[in-house]
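Count the sequence shown with mature numbering (1 follows the signal peptide of the UniProt record, and there is no 0) and you get residues -23 to -1, 1 to 342, in order. Heads up, the beta-carbon is just placed ideally off N, CA and C, and yes, glycines get one too. Since this is a predicted model, take the numbers as computed values, not measurements. Notes to accompany the following structure.
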Amino acid sequence: MDFQLAILCLIAIGLVLVSVVEPRPRKFKRRGRCQPKMLAEYNLTFYGDWSPKTFPRLYPRVRPPAQWSKLVGRSHDSTYKLWSLGQNASDAVKAFAEDADSSMLDQDAQAYRGIFDSFTAAPIESGMGRSAVRFLADGQHTKMSFLVKIVPSPDWFVGVASLDLCHNGRWRKQINVDLAPLDAGTDQGFTFTSPNWPNMPADPISQITNKKPSHPASSFFYPEQETLPRIGHIVIKEVAEYRRRGRKLDTSPTGPNVVIFDPEEDEDDSYSLNIGGLTAVSGSTGTGNDVVNNGKPQDCTVTEWSEWSPCSKTCGFGIQTRSRDVILSPVNGGYGCPRLTDQNTCGSMRKCKWGHFDYLFKRSG
Ligand SMILES: *[C@@H]1O[C@H](CO)[C@@H](O)[C@H](O)[C@H]1NC(C)=O
Ligand SMILES: *[C@@H]1O[C@H](CO)[C@@H](O)[C@H](O)[C@H]1NC(C)=O
């Protein structure tokens, strides 16, 4: 008797549990996916591995000793390239690789639509050491590129180009990359401390190996070795994911690694616009009011989306918008117009005065 009662109780508790727990999996099913309006936060740690033990040749010890410039990076889409092997360095990359001057790179970061978050990490004042920074990517900007100048050097740097953080539709949890020295191709110097000697015309960006450049004066010339040891490496770890919650501000306590997803927003929810009767809004080449209407239904027609506006925030989370216009408004019962404005979440992990997680998102431990 007691036994049966116990079983019944267990079943009853089970039912309660199931009914409490059941809706959650639906909410969480998109975790890990790199979708357009999903943000992922990553921690990029750069490690300098440039020691006199592994790179004894001409190892710079004074004026200046071996060190690393600040790290300059961005998350971006596939329309943007910070640098690529086999391509000429841009003026901005040249200035950075030669003089650790990032002013042009900083300007670039404002000018290119394909950039999502631009970030920097502190310089390292010796050949060995580490520096970390957090940054954001979203489902439309899943790539990451960065540069760190080798100091001193004519125009050498390390970095990655267009590394994709999204793999098979999911954010990668961790990425490790070993770094080799790269030559920006804009200066001819062979040694760490070569005087400035412009390379005219410039060569494309190339990897420096233990045999290339094949010159006994080259600082990385170790022909007896199989390959160069790594001069640095990076570890990129996913810290958290975020999804926009409508337009609501959410200041709940935060914790790592868990995201609360809202039910899917209905992106193209149609609604009707009432733009004065039969007037057609034509494009710039339009001939005016040329709508012939014989009482037939005419559906609303809209332009393509505009470009996304710049992000409303340069630190923390912000909003960007895009819009489209009505070309033909609906008449005689034609389909109404789709939504004409669209919002996206954007931002960076740069700290703002008000601290860094208190905007727009819910995330909980
Ligand atoms: C790089 O620049 C040189 C001259 O400045 C030019 O001849 C060459 O075609 C360029 N290479 C690429 C890959 O654009
Ligand atoms: C990033 O990760 C490194 C290594 O785990 C850690 O030491 C560092 O504090 C983290 N940095 C930031 C800015 O989160």
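{"Query": "DSSP state of V216 mapped onto helix, strand, coil", "Result": "strand"}
{"Query": "Closest Cα partner of Q165 within the set C277, N176, K47", "Result": "N176"}
{"Query": "Reduced DSSP secondary structure (H/G/I, E/B, other) of Q87", "Result": "helix"}
{"Query": "Interface flag, K189 vs chain D, CB-CB below 7 angstroms", "Result": "This model lacks chain D altogether, as it is built from one protein chain only."}
{"Query": "Near ligand 2: N20 beta-carbon under 6 angstroms from a heavy atom", "Result": "yes"}
{"Query": "A109 CB to nearest heavy atom of ligand 2 below 6 angstroms", "Result": "yes"}
{"Query": "A69 versus A77, L82, K47, residue with shortest Cα-Cα distance", "Result": "L82"}
{"Query": "Nearest residue (CA-CA) to Y36, options T168, D160, W60", "Result": "T168"}
{"Query": "Straight-line Cα distance separating T163 from W45", "Result": "19 angstroms"}
{"Query": "Per-residue DSSP class, three states only, for residue 397", "Result": "Outside the displayed range of the chain (-23 to 342) lies residue 397, so it cannot be described from this structure."}
{"Query": "Between the CA atoms of E18 and P29 - distance to the nearest angstrom", "Result": "35 angstroms"}
{"Query": "At least three beta-carbon pairs within less than 8 angstroms, the region 144 to 157 to the region 72 to 92", "Result": "no"}
{"Query": "Span separating the alpha-carbon of F32 from that of F197", "Result": "8 angstroms"}
{"Query": "Rounded distance between the beta-carbons of L140 and K126, thought under 8 angstroms", "Result": "No, K126 and L140 are not in contact; Cβ-Cβ is about 19 angstroms, not under 8 angstroms."}
{"Query": "C-alpha distance - T322 paired with R301, whole-angstrom precision", "Result": "18 angstroms"}
{"Query": "Sequence-distant residues of the same chain with beta carbon closer than 7 angstroms to G178, five excluded per side", "Result": "The sequence given here places Pro at residue 178; Gly does not occur at that position. None."}
{"Query": "Residue nearest to K47 in terms of C-alpha spacing, selected from L62, P307, G106, F93", "Result": "G106"}
{"Query": "Residue 410 CB to nearest heavy atom of ligand 1 below 6 angstroms", "Result": "Nothing can be reported for residue 410, as the shown portion of the chain is limited to -23 through 342."}
{"Query": "Alpha-carbon spacing of Y89 relative to G63, whole angstroms", "Result": "22 angstroms"}
{"Query": "At least 3 beta-carbon pairs within less than 8 angstroms: the region 136 to 151 vs the region 108 to 124", "Result": "yes"}
{"Query": "CB contact flag (L159, L16, <7 angstroms)", "Result": "no"}
{"Query": "Cβ-heavy atom distance, A179 to ligand 1, below 6 angstroms", "Result": "yes"}
{"Query": "Exposure label - Q184; buried when at least 16 CB within 10 Å", "Result": "exposed"}
{"Query": "Residue environment, D94, which counts as buried when at least 16 other CB atoms sit within 10 Å", "Result": "buried"}
{"Query": "Cβ-Cβ distance between I182 and W285 below 7 angstroms", "Result": "no"}
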